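Enquirer: Okay, here's the structure, questions in a sec.
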Amino acid sequence: MIDRLLDAVRRRVDGGDALWRREERTSVAFESGRLKSAGIAEEAGLNLRVMAGGRVGVAGTTAAAPDLDALVARARASAELGEAVDLAFPPPAASSPPHVPTHFDRAANASLDELIRMGRALVERLTREGCQVNVALEREVSETTVGNTAGARGAYRGTAMAVTAEVIRIAADDVLMVYDQFLGAELPGSPELDALIRSIETRLEPALTIVEPPDGALPVVFTPAGLAAVLLPLEQALSGKSVLQGTSPLADRVGAPAFDPRFSLTDDPLAPGRPASRPIDDECVPSRATALVERGVVRGFVYDLETAARAGATSTGHGRRGTFGKPRIAYTNLIIGDGPGAGGARHAVPLPLGGGLLDGIVDGLVVDDLIGVGQGNVIGGAFSHPVALAYRVRRGEIAGRVKDAAVAGNAYELLKRIGGFGTDGRWLGSRRSPSLLLEGVSVVRR
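Per our numbering: the sequence shown = residues 10 to 455.
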């Protein structure tokens, strides 16, 4: 279909590229320990981008038998009102795309009944008196084909499996929620499910004791789950779109130290066993690992084709597109650590809570979840969020859970003085990181 569509493009406009993707999703949900829903859904879509008269136009369709000439006509009409850009489509790569495992038969062949049994087993193991247990499982099987009028082509299959579990305890006016997730390209086995349960249990038990929060500029351990408020500003600032728009605080820092010399950040679409991994992006650019921060030094930014063309840069292979709309910049697998390959496909959650960073903390916090992350002027780096799940540390030990407290600071400044890296490096969604000990975080009682 892609080849026939691009033949029609060549006859009508100056050039173009296209993506076809089919996705099948199987989902199961348990609520309050009981099976609430189970089902299978499938969708497929075709996205076309064209260049006509120096302007970009896009069109998409989810029709089972699309009218390709009509799709080209809609994209061409869109280009008449589109933005002007000197966009060049990449030619065929000189060598084969890099190999990366993206499709796993066990995940692809798992039945709905098998997922229900897995969910029910998790519910049984997490059941606690006075607690509500919710479990959700989603399996996705996909096929992707991309191509352009310059002759580049690419195709791959993928699988993804997400298992989310949460335990909720309501006692008077106190609501405690502890959750975790497995996300991988392969069906989880006993070690991964055991790790998921241990992670929840390890955080649930000390949370049952409530203590007064501390106050002041203190050492705070951010777990992999709690790091979102610290890492989101970097993700936005390291996007080529932010650089192009002049909003990135890191735009003029390439080659210069900006963070603690032990801090590195890499985006690696070739990480094995990850749902976001792929040999080629959605614009026919071969995948490769991109070092964003290396030992505290800013090395570069992520780009898609159009943003790179406007910025006078080169695409890093971070184009992502849906059925409708233009491609956009999207990260794949963000890894805090030693660069490509540092993450692997590990999902185990080493103990204890805090990744071994509590020794030496006289008074501080472990932050596992915050409220309101992503709101406000994120790219500026300043954050101030109430805690959803946090623990007080006294003399190197977890004293209990704190309520009615908030943490604040500036991500760029805090990452200049990292107090330590935990031994609990793990995947959480599409990000792999250990816990980080950050010094001088403002903790206030509410």
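A virtual CB, placed ideally from N, CA and C, is assigned to each residue, including glycine. It should be emphasised that the depicted structure is a prediction, and the values quoted were computed from it without experimental measurement.
1) Kindly indicate which three-state DSSP category SER199 falls into: helix, strand or coil?
2) Check this for me: beta carbons of GLY69 and ASP23, under 9 Å apart or not?
3) By the three-class DSSP mapping on this structure, what secondary structure does PRO443 have?
4) Just to confirm before moving on: does the CB-CB distance between SER273 and ALA260 stay below 9 Å?
5) At which residue ranges does the segment 109–148 contain complete alpha helix (DSSP H) runs of 4 or more residues, listed in the order of the chain?
6) Do THR332 and THR71 have their beta-carbon atoms positioned less than 9 Å apart in this structure?
7) Tell me which same chain residues have a C-beta within less than 8 Å of the C-beta of ASN342, skipping the five on either side of it?
8) What residue range does the beta strand (DSSP E) around VAL94 cover?
9) Measure the Cβ-Cβ separation of VAL109 and GLU32 and say whether it is below 9 Å.
10) Contact check, ALA245 vs VAL387 under 8 Å by CB: the rounded distance?
11) Taking the Cβ atom as the reference point for each residue, do ARG64 and ALA88 lie within a distance shorter than 9 Å?
12) Where does GLN384 fall in DSSP's three states?
13) Taking the alpha-carbon of LEU446 as reference, which of PRO222, THR232, GLU51 and ARG20 has the nearest alpha-carbon?
14) With burial defined as no fewer than 16 other Cβ atoms inside 10 Å of the residue's Cβ, what is the status of SER199: buried or exposed?
15) If you draw a straight line from the C-alpha of SER46 to the C-alpha of SER208, how long is it?
16) Figure out for me which residue from GLY249, ALA226, GLU52 and GLY91 has the closest Cα to the Cα of GLU152.
17) Could you check what DSSP says for ASP313 in three-state terms: helix, strand or coil?
18) Verify whether the separation of the beta carbon atoms of ILE11 and TYR165 is less than 9 Å.
19) Who does ILE427 pair with in a DSSP beta bridge?
20) Which residues does DSSP list as the beta-bridge partners of PRO266?
21) Mind checking who PHE333 pairs with in its DSSP beta bridge?
22) Would you call the segment 169–177 and the segment 359–379 touching, i.e. three or more CB-CB distances under 8 Å?
23) To which residues of the same chain is ALA357 closer than 8 Å at the C-beta, ignoring the five residues directly before and after it?
Expert: Quick answer:
1) Counting from one through the sequence shown, the residue named residue 199 turns up at place 190. If DSSP states are grouped into helix, strand and coil, SER199 belongs with the helices.
2) Reading the sequence shown from its first residue, position 60 is the one you call residue 69. Reading the sequence shown from its first residue, position 14 is the one you call residue 23. Contact flag unset, no.
3) Locating residue 443 in the sequence shown gives position 434, where the first residue counts as 1. In the structure shown, PRO443 sits in coil (DSSP, three-state: anything other than H, G, I, E or B).
4) Along the sequence shown, one-based indexing puts residue 273 at 264. Along the sequence shown, one-based indexing puts residue 260 at 251. Not a contact, by the Cβ cut-off of 9 Å.
5) 114–118 and 121–135
6) On the sequence shown, residue 71 is found 62 positions in, with the first residue counted as 1. On the sequence shown, residue 332 is found 323 positions in, with the first residue counted as 1. Yes, the Cβ-Cβ distance between THR71 and THR332 is below 9 Å.
7) The sequence position of residue 342 within the sequence shown is 333, counting from 1. Correct list, in chain order: ASP276, ASP277, PRO278, ALA280, ARG283, ALA285, SER286, GLY352, SER439, ARG440 and ARG441.
8) Residue mapping note: residue 94 aligns to position 85 of the sequence shown, counting from 1. VAL94 -> no beta strand (DSSP E), and no H or E assigned at all.
9) Position 100 of the sequence shown, counting from 1, holds the residue named residue 109. Position 23 of the sequence shown, counting from 1, holds the residue named residue 32. In this structure, GLU32 does not lie closer than 9 Å to VAL109 by Cβ.
10) The residue labelled residue 245 in the question sits at position 236 within the sequence shown. The residue labelled residue 387 in the question sits at position 378 within the sequence shown. Reading off the sequence shown, one finds Gln at residue 245, where the question assumed Ala. About 6 Å separates the two Cβ atoms, so the contact holds.
11) Here residue 64 is taken as the residue at index 55 of the sequence shown, counted from 1. Here residue 88 is taken as the residue at index 79 of the sequence shown, counted from 1. Against a cut-off of 9 Å, the Cβ pair of ALA88 and ARG64 comes out as a contact.
12) Here residue 384 refers to the residue found at position 375 of the sequence shown. Note: GLN384 maps to coil in three-state DSSP.
13) The count along the sequence shown starts at 1 and reaches residue 446 at position 437. Selected option, being the one with the closest Cα: THR232.
14) Position 190 of the sequence shown holds residue 199. Flag for SER199 reads exposed.
15) Residue 46 sits at position 37 when you count from the first residue of the sequence shown. Residue 208 sits at position 199 when you count from the first residue of the sequence shown. One C-alpha to the other measures close to 25 Å.
16) On the sequence shown, residue 152 is found 143 positions in, with the first residue counted as 1. Measuring from the Cα of GLU152, the nearest candidate turns out to be GLU52.
17) Along the sequence shown, read from residue 1 onward, the residue named residue 313 stands at position 304. DSSP places ASP313 in coil when its eight states are reduced to three.
18) By 1-based counting over the sequence shown, the position of residue 11 is 2. By 1-based counting over the sequence shown, the position of residue 165 is 156. Their beta carbons are not under 9 Å apart, which means ILE11 does not touch TYR165 by this criterion.
19) The count along the sequence shown starts at 1 and reaches residue 427 at position 418. In DSSP, ILE427 forms a bridge with LEU447.
20) The residue labelled residue 266 in the question sits at position 257 within the sequence shown. Beta-bridge pairing links PRO266 to VAL306.
21) As a working mapping, residue 333 is identified with position 324 in the sequence shown. According to DSSP, which records beta bridges pairwise, PHE333 is partnered with nothing at all.
22) no
23) If you number the sequence shown from 1, residue 357 lands on position 348. Annotation note: pLDDT 47 at ALA357 (below 50); position unreliable, coordinate value reported separately. Around ALA357: PRO200, GLU201, ALA204 and ARG435.
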